[in-house]
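Participant: What follows is a single structure, and I will ask about it in a moment.
Number of protein chains: 2
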Amino acid sequence: MPRRADAGEPATRRATIRDVAAAAGVSIATVSRILAGNYPSAPATRTKVMRAVRELDYVANAHARALSGATSKTIAIVLNSVISPYYAHVAQGVQTQAAHHDRLCLIGTTGGDPDRELATVRLMREEHADAVILVGNVVANDDYRARMAEYAHALSAAGSQLVLCGRPPLGRDVPAIAVEFDNTGGAYAATSHLLSQGHQRILYLGHRPGYTTSEGRIAGYRNALAAFGVSNDLDLEVEGTLERNEGYRMMKRRLARGTPDFTAVFAANDQIAAGARQALREHDLRIPDDISMVGYDDLPPAEDIGLTTVHVPHEELGRTAVRLALEREGTGATGAAHVMLGTHIVVRDSVRPAVRKA
Amino acid sequence: MPRRADAGEPATRRATIRDVAAAAGVSIATVSRILAGNYPSAPATRTKVMRAVRELDYVANAHARALSGATSKTIAIVLNSVISPYYAHVAQGVQTQAAHHDRLCLIGTTGGDPDRELATVRLMREEHADAVILVGNVVANDDYRARMAEYAHALSAAGSQLVLCGRPPLGRDVPAIAVEFDNTGGAYAATSHLLSQGHQRILYLGHRPGYTTSEGRIAGYRNALAAFGVSNDLDLEVEGTLERNEGYRMMKRRLARGTPDFTAVFAANDQIAAGARQALREHDLRIPDDISMVGYDDLPPAEDIGLTTVHVPHEELGRTAVRLALEREGTGATGAAHVMLGTHIVVRDSVRPAVRKA
DNA sequence: CTGTTAGCGCGTTCAC
DNA sequence: GTGAACGCGCTAACAG
């Protein structure tokens, strides 16, 4: 008696493995084995079964399969939003690699809200995903670390592997994999690029104190200044979020002060760069003629506006996350792991040598 | 005997409803009822149970729940890719609305390959998703329609609702919901905008014959030309795909012919517009001073390049898809449904009145 | 090589 | 208000 809420129609009930077995005149075990393909079987029975499968248009019930002990064959990814290019590219990598391993992708967004993150991880836990991948910039305080450790253990107990993407590792006693990219190195390279062109006053746009990605980038910026013997003027470090609008606002506010006291801009990401660029143009300042600029991420806006930026391997980040999680499956390995992906500068047309105002 | 491939550790086996029942000193039925919350129960037992749940950090097994007849509480979405802003925004809408209905989102990408689409829909069928949402521009030939009808019936039999997003409806006998936006109307408005500024030679960049979205848009373009009494020069309709690079290539090739024989450009989408714009600049042609341009979609590149374009409610598309699918759940309604979402022009700064070359 | 059987964890009848 | 028992569809032992 199917409980489907159909309109009382004959409702050709979904075919089960039993129907296939009956149609083929064999037992359900035989059908199961033949479909799994990991067991020897007589070609004749095989043909009969496959024909029945085709005729009934049978597909296995994923839930029944997952329940009976096999893996759920799903990878879960949790991120702030899908429309941000940053997350979208990581998600694409995850999705690609998951498909490559014949797995489906569960996706959940949090809008950056810890409560929704908690709720989402809970749902993922119910789903028994092979891996749960958390993506995104975050404040790595004790509170956060405690929360992640909880997730890690809970997921581990449920048979899932927690993976942190673009977030710092948690320590050797927490069963989580961390995959990051080198923010400090990339920022160092980008800043050096500006410094070597003679720029001394470089505006850092979009620092978010506490956020690990931001801290990594600004550290690279400061290191480079130090290496070039340029003193670090804190007034050049502007705090703000990572959106395009914020880039616009920050630059607007800065320009309202009067003639720019900087010759170059290091935008914390490409979106900020795009916003700042717009603000500059509204003040008749052109890039790179009047002001030089570098961004970070090498995502869509960058190419459109000819921005020299730091390329971050977002898709590879996602692929690596899945690969690592699946590699240790069945291995019994449950400790911590940490991978750091490299970055490199992409030179376009937003930087010119500084004009010596001797 | 848990079959988890653990490293032989004590491996605190995932808590089941039985464990909770034991800890609370009640039966599993009581636990089930209290957690579902749709049944009267003594406050005392309730407290005991909830405490046990908290202590064991119990979460229900989604597969067992789905198997035992309840809904799977998931919405599936199938699209070409996640990194395209178009799909990303629709996906965001789907994801938002799904979360709003307390559902998780399964996602699959096809890269536009029908075989992968087939495989993905199959997987979704195994998952028993409440709805399976197919997104994206497509050639609506008989072959396609037959394939969709098959999907629709197979999914319907499995208890899932097929939803077509940005694709034409299939006919009243096919159990599918279609949600589209008005391509022809938007293109008509955009073209009229150019025509009313005196442009007569408008280059249409990126027509893909057969693709429904493209056919809709070029129809609007042609209708507007006709309405303004401008003859339709087929040489102005350039065929191409919808990527940025293609926009660049198409414009490059056109400009190689010599002085432009057009004063305005209608790009089939914003990405094409961005590419074409770059090509124009390389030939020292500026927008809007030398050439006017409109795009379509109103997605990220548009704002960055100050493009006048047609706003398409992508997120609303996704939200509507989920809402409609869930609305008819249990209704027994299994017929076809069709919704058309409106569009409107967003004026920025890429259009100037045409120069009369009298 | 194939059939029989016992769970997987949960919702849900029935009785009490 | 609560407990016992059955079945969802499938996989994996164990026989034959």
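Note that the protein sequences, when read in sequence, are chains A and B. Heads up, the first sequence is in the working numbering, so the first residue is 1 and it goes up one at a time. Heads up, the second sequence is in the working numbering, so the first residue is 1 and it goes up one at a time. A virtual CB, placed ideally from N, CA and C, is assigned to each residue, including glycine.
Name the residue from B:37, B:316, B:171 whose alpha carbon lies nearest to the alpha carbon of residue 92 of chain B.
Facilitator: Looking at the Cα atoms, B:316 is the closest of the given residues.
Participant: Would you say the beta carbon of residue 322 of chain A comes nearer than 7 Å to a heavy atom of the ligand COA?
Facilitator: The ligand COA is not part of this structure, which contains no ligands at all.
Participant: Please list, in chain order, the residues of the stretch 295-310 of chain B that have any C-beta partner in chain A closer than 7 Å.
Facilitator: Answer in chain order: 300, 301, 304, 305.
Participant: Could you tell me which chain B residues have their CB closer than 8 Å to the CB of residue 109 of chain A, listed as they occur along the chain?
Facilitator: What residue 109 of chain A touches in chain B: 92, 95, 96, 99.
Participant: In chain A, which residues lie less than 9 Å from residue 122 of chain B when you measure between Cβ atoms?
Facilitator: Within chain A, the residues near residue 122 of chain B are 59.
Participant: Using beta carbons (cut-off 8 Å, strictly below), is residue 56 of chain A in contact with chain B?
Facilitator: So no, residue 56 of chain A is outside the interface.
Participant: Between A:308, A:63, A:339, which lies nearest to residue 193 of chain A when the distance is taken from Cα to Cα?
Facilitator: Of A:308, A:63, A:339, the residue nearest in Cα terms is A:308.
Participant: Using 8 Å as the limit for Cβ to Cβ distance, is residue 323 of chain A near chain B?
Facilitator: Answer no: the Cβ-Cβ gap between residue 323 of chain A and chain B never drops below 8 Å.
Participant: How many angstroms separate the CA atom of residue 14 of chain A from the CA atom of residue 57 of chain A?
Facilitator: Spanning the two alpha carbons is a distance of roughly 9 Å.
Participant: Count the other CB atoms, across all protein chains shown, that sit within 10 Å of the CB of residue 221 of chain B; report buried if there are 16 or more and exposed otherwise.
Facilitator: Its Cβ being crowded by 16 or more others within 10 Å, residue 221 of chain B is buried.
Participant: Run through the DSSP bridge pairs and tell me what residue 108 of chain B is partnered with.
Facilitator: For residue 108 of chain B, which the question treats as bridged, DSSP gives the partners B:78.
Participant: Just to confirm the assignment, what range does the alpha helix (DSSP H) spanning residue 360 of chain A have?
Facilitator: Here chain A covers residues 1 to 358 and nothing more, so residue 360 of chain A does not appear.
Participant: Under 8 Å between C-beta atoms, does residue 227 of chain B make it to chain A?
Facilitator: Residue 227 of chain B does not count as touching chain A.
Participant: Check distances from the C-beta atoms of the stretch 147-171 of chain B to those of chain A and list, in chain order, the residues that come in under 8 Å.
Facilitator: Within the stretch 147-171 of chain B, the residues whose Cβ lies closer than 8 Å to some Cβ of chain A are 154, 157, 158, 159, listed in chain order.
Participant: Residue ranges of each alpha helix (DSSP H) run of no fewer than 4 residues wholly in the stretch 279-331 of chain B, ordered along the chain?
Facilitator: Segments of the alpha helix (DSSP H) lying fully in the stretch 279-331 of chain B: 301-304, 314-327.
Participant: Based on DSSP bridge pairs, tell me the residues matched to residue 164 of chain B.
Facilitator: Note: residue 164 of chain B sits in a beta bridge opposite B:134, B:178.
Participant: At 8 Å on the CB atoms, spell out the chain B contacts of residue 14 of chain A, in chain order.
Facilitator: Near residue 14 of chain A (Cβ distances below 8 Å), the residues of chain B are 157, 158, 159.
Participant: So what does residue 266 of chain B bridge to, in DSSP terms?
Facilitator: Per DSSP, B:204, B:294.
Participant: Output, in chain order, the set of chain A residues within a Cβ distance shorter than 7 Å of residue 46 of chain B.
Facilitator: Residues of chain A passing the Cβ test: none, with the nearest at roughly 20 Å.
Participant: Should residue 32 of chain B be flagged as near chain A, meaning a C-beta pair shorter than 8 Å?
Facilitator: By this cut-off, residue 32 of chain B is not an interface position.
Participant: May I ask you to list, following chain order, the residues of the stretch 342-354 of chain B that have a beta carbon less than 8 Å from some beta carbon of chain A?
Facilitator: Listed by position, the residues of the stretch 342-354 of chain B near chain A (Cβ gap below 8 Å) amount to none.
Participant: Any beta carbon from chain B within less than 8 Å of residue 62 of chain A's own beta carbon?
Facilitator: Answer yes: the Cβ-Cβ gap between residue 62 of chain A and chain B drops below 8 Å somewhere.
Participant: Mark residue 143 of chain B as exposed unless 16 or more other C-beta atoms lie within 10 angstroms of its C-beta, in which case mark it buried.
Facilitator: Exposed, since its Cβ has fewer than 16 Cβ neighbours within 10 Å.
Participant: Taking 8 Å as the CB-CB cut-off, is residue 66 of chain A touching chain B?
Facilitator: For residue 66 of chain A, the answer is yes, since a Cβ of chain B falls inside 8 Å of its Cβ.
Participant: Look up residue 341 of chain B in the DSSP assignment and say whether it is helix, strand or coil.
Facilitator: Strand at residue 341 of chain B.
Participant: Between the stretch 262-276 of chain A and chain B, which residues of the former have CB atoms less than 7 Å from a CB of the latter, in chain order?
Facilitator: If the cut-off is 7 Å between Cβ atoms, the stretch 262-276 of chain A has 274 near chain B.
Participant: Applying the 10 Å Cβ sphere with the 16-neighbour rule, what's the burial state of residue 231 of chain B?
Facilitator: Classification of residue 231 of chain B: exposed, given that the 10 Å Cβ count is below 16.
Participant: I'd like to know if residue 199 of chain A contacts chain B, where contact means its C-beta is closer than 8 Å to some C-beta of that chain.
Facilitator: So, not an interface residue.
Participant: Which word fits residue 183 of chain B, buried or exposed, when buried means at least 16 other C-beta atoms lie within 10 angstroms of its C-beta?
Facilitator: Burial call: buried.
Participant: Report the rounded CA-to-CA distance for residue 186 of chain B versus residue 310 of chain B, giving the unit in angstroms.
Facilitator: The straight-line gap from Cα to Cα measures roughly 6 Å.
Participant: Does the distance from the C-beta atom of residue 82 of chain A to that of residue 318 of chain A stay below 8 Å?
Facilitator: Not closer than 8 Å, so no.
Participant: Tell me which residue opens and which closes the beta strand (DSSP E) that residue 238 of chain A is part of.
Facilitator: Per DSSP, residue 238 of chain A belongs to the beta strand (DSSP E) from 237-239.
Participant: Note down, in chain order, all residues in the stretch 112-140 of chain B with a beta-carbon under 7 Å from any beta-carbon belonging to chain A.
Facilitator: Against chain A - using a Cβ distance shorter than 7 Å - the residues of the stretch 112-140 of chain B are 122, 123, 125, 126, 127, 128.
Participant: Give the list of continuous alpha helix (DSSP H) stretches no shorter than 4 residues that lie fully inside the stretch 218-258 of chain B.
Facilitator: List check, alpha helix (DSSP H) in window: 244-256.
Participant: Do you know whose CA, among B:266, B:351, B:335, B:290, lies nearest residue 156 of chain B's CA?
Facilitator: Residue B:335 is the option with its Cα nearest to residue 156 of chain B.
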